[in-house]
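Heads up: the sequence shown begins at 1 in full-length UniProt numbering, then just goes up one per residue.
Read the structure below first, then the notes.
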Amino acid sequence: MNLRDTLLASLSSLPGIREFHLHVLVSSPRKHGNLFPFATPRPRTYLQDILILLSEQSTPDSPRVLVSAIEACVYNIPSTSCAILYISKVDSTGQASAPSPTPALVRALILFYADPATRPVSVDHLWIHLFARAQNQYLFPNSSEYPKKHPLSDIKLCAWWKRQFSTVIGELASRVGNTCRTKLCYLLPGLSEFEASHSLERIYPSTDLAVTWTYGHPYSQTEIPLPCPCPSGGDSHRHLGQCIPSFDDDPKSRFIDEIAYTTDADGVRSPERKKRPRTDTLKSHHEEDAASGEASEKKEGRSKKEDQTHKEVKKVSAEEFWERMSFRQECIAGAVTGFFVVAISATKPSPLLMSDVSPLAPQPGQVSAQMNKRVLTSILTGHEFPSTEKAVWSTKVLEDTIRGLCDGLKSNPRPTLAPDRSGRRTPEPEPARTALAPPQTPPPRLVNGKRPIVDVSPNPFPEPVASLETYNSYIFGSVAVNKPPPPKKDSGDASGAGNGTTPTITVLTARKKRTKS
1 MNLRDTLLAS LSSLPGIREF HLHVLVSSPR KHGNLFPFAT PRPRTYLQDI
51 LILLSEQSTP DSPRVLVSAI EACVYNIPST SCAILYISKV DSTGQASAPS
101 PTPALVRALI LFYADPATRP VSVDHLWIHL FARAQNQYLF PNSSEYPKKH
151 PLSDIKLCAW WKRQFSTVIG ELASRVGNTC RTKLCYLLPG LSEFEASHSL
201 ERIYPSTDLA VTWTYGHPYS QTEIPLPCPC PSGGDSHRHL GQCIPSFDDD
251 PKSRFIDEIA YTTDADGVRS PERKKRPRTD TLKSHHEEDA ASGEASEKKE
301 GRSKKEDQTH KEVKKVSAEE FWERMSFRQE CIAGAVTGFF VVAISATKPS
351 PLLMSDVSPL APQPGQVSAQ MNKRVLTSIL TGHEFPSTEK AVWSTKVLED
401 TIRGLCDGLK SNPRPTLAPD RSGRRTPEPE PARTALAPPQ TPPPRLVNGK
451 RPIVDVSPNP FPEPVASLET YNSYIFGSVA VNKPPPPKKD SGDASGAGNG
501 TTPTITVLTA RKKRTKS
């Protein structure tokens, strides 16, 4: 069962009368060398992008409207048989019928990669990373202006994510039993363990006692291997750059960069002053030797700077990093943020590991990374969702765009040329080209006289070309739900203790001070 069918199966169990329309875009693997930028050597990593769009239709005659979206990334590190699922953004427009399909969609996505039976990446260990930060909107521009959208506050958002992970791990345990080890960690910078636990339990009390959470980071444990390989062979000598992965738009990555490139003693350094270019073009052998000496000195200076950045990262331990993280502006700007890490490891190595298949080989149903990026950019820059009318129009344009990209990116058939039987040897002039030349991979660029790590070798596999068959079999799907609607919640106070009666409100009146006559 592919990802699209798994998500549709989870949506089919929701109550209510409606029809869901789902679009799932999973890009083909590509090389990525910046997951651990301060590790030496950098592990070979392969990246996939995931974009999930869900629209809802209340009646067969009503228009579709987008209600939920998920953006995520999957990193595959074959050297350690690890994969990382990074959930970047989850958003809703607030225009879905109750109950919202977003929780079911999120849990189905996490469980699809957590379960070794359905995981499409051949690895033994999976790490799930999430940074929870409350915002009015993430993927749907101007959706916060819709009156029925109620974004969760900072504490409620952290409690919501903890509840989703607990539900997924509980269901995973019922599926796989003792064949998998799990470790769940969370950290709310600026709050102690008692404060964080009390704040989250007050909103969503824990129902599954079998799921155990650890307050802190998971980089000191040795039960589940970390994604980055340790060159020394043991986990005890790991430094910060080999523990914490670097993601886009992540405060951990920005803080590590600041530690690496800003020293305590020198602070932020000014750039070195460049020498004036010489006007004469003739150089003697002495000048050429001097120029080559300067070039070698520059290379040595760059290597020294790289060594200096690695030394600065090695000075900071994981405990000190998270302690200092509590004082970062992104974590103390008046709102509580949360870091969640879930590790899942198979107790026995999977016998189905396909070592003969390259991790770069595209699988059926995958699209190119450019198509995924094009659709996501269109959502963020070309559409808005402040009202039902605009959301309906944006939904139609986006869904037609995805279908059009799958139908219109077919390669033009090459014209067949009849064999020349005239016997002439004089070359004929080439006919005028009616189509652009096929794209070719340019030669790798040299950086400082060396080939960069990200361009070690080109991708031997061509990018997948989407078609209508791919669209109908892997990308688009719909499911109709016809079940009794959920019971309406009784009115109650903010803590959720509703008993069907209106709470008594005591109004205090201020006494007027009597003045002496």
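Don't be surprised by glycine CBs; every beta carbon is placed ideally from N, CA and C.
Pairing Pro116 with Glu56 gives a Cβ-Cβ distance that is not under 9 Å. Burial of Phe165 is indicated by the presence of at least 16 other C-beta atoms within 10 angstroms of its C-beta.
Put simply, of Ile70, Arg42, Ser192 and Ile203 the residue whose alpha carbon is nearest the alpha carbon of Asp154 is Ile203. Distance from the CA of His129 to the CA of Leu105, rounded to the nearest whole angstrom, comes to 17 Å.
Per DSSP, the unbroken beta strand (DSSP E) holding Val481 starts and ends at Phe476 to Asn482.
Counting C-beta atoms within 10 angstroms of its own C-beta, His237 has fewer than 16 neighbours from the protein chains shown and is therefore classed as exposed. Of the candidates Ile379, Lys314 and Lys390, the residue whose Cα lies closest to the Cα of Thr40 is Lys314. Leu126 is positioned such that its CB atom lies closer than 9 Å to that of Ile84. Pairing Gly338 with Tyr138, the inter-Cα distance amounts to about 16 Å.
For the pair of segments examined, the stretch 143-162 was found to touch the stretch 383-399: the number of CB pairs separated by less than 8 Å reaches three.
When C-beta atoms of the stretch 461-469 are compared with those of the stretch 1-11, fewer than three pairs fall below 8 Å, so the two segments do not count as touching.
In the DSSP assignment, Cys243 falls outside any beta strand (DSSP E) and carries neither an H nor an E. Annotated as distal: Val123 and Ile50, with beta-carbon spacing of 9 Å or more. Under DSSP, the beta-bridge partners assigned to Ala346 are Cys180. In the structure shown, the three-state DSSP call for Tyr146 is coil. Here the alpha carbon of Tyr113 sits roughly 8 Å from the alpha carbon of Val121.
For the pair His21 and Ser378, the CB atoms are not nearer than the 9 Å cut-off. Annotation: Ala196 is outside any beta strand (DSSP E); the continuous alpha helix (DSSP H) that includes it extends over Glu193 to Ile203.
Cβ contact annotation for Thr118 (same chain, cutoff 7 Å, sequence separation greater than five): Met1, Thr6 and Phe112, in chain order. Short of 6 Å from the beta carbon of Cys228, and not among the five residues preceding or following it, lie these beta carbons of its own chain, in chain order: Phe36, Ala39, Pro43 and Gln242.
The stretch 64-137 contains, as complete alpha helix (DSSP H) runs of 4+ residues, the segments 102-114 (chain order).
Measuring C-alpha to C-alpha distances from Arg328 to each of Gln370, Lys348, Lys373 and Ser253 identifies Ser253 as the nearest. Its chain contains Pro15 and Gly16 as the residues whose beta carbon lies nearer than 7 Å to that of Lys483, once the 5 sequence neighbours on both sides are disregarded; these appear in chain order. Per the DSSP secondary-structure output, Gly338 pairs in a beta bridge with Ala132. Residue pairing by DSSP places Cys185 opposite Thr214 and Val341 in a beta bridge. Listed as beta-bridge partners of His237 by DSSP are no residues whatsoever. For Val26, DSSP records a beta bridge to Ile50. For the pair of segments examined, the stretch 363-380 was found to touch the stretch 398-407: the number of CB pairs separated by less than 8 Å reaches three. Within the same chain, His237, Arg238 and Gln242 come within 8 Å of Cys230 by CB-CB distance, once the 5 residues on both sides are set aside. Between Thr395 and Arg181, the C-beta gap is not smaller than 9 Å, which leaves the two residues out of contact. Relative to the Cα of Glu201, the nearest Cα in the group Pro189, Pro60 and Trp160 belongs to Trp160.
When the five nearest sequence neighbours on each side are left out, the beta carbons in the same chain lying within less than 8 Å of the beta carbon of Leu191 are those of Ser199 and Val336, in order along the chain. Comparing C-alpha distances from Phe321 to each of Lys89, Tyr219, Glu469 and Leu152 shows the shortest one belongs to Tyr219. Each residue's CA atom was taken as its position, placing His32 and Trp393 some 36 Å apart.
Look at Phe461 here: in three-state DSSP terms it is coil, with no helix or strand label. Looking at the backbone, the Cα of Leu468 and that of Asn34 are separated by about 34 Å.
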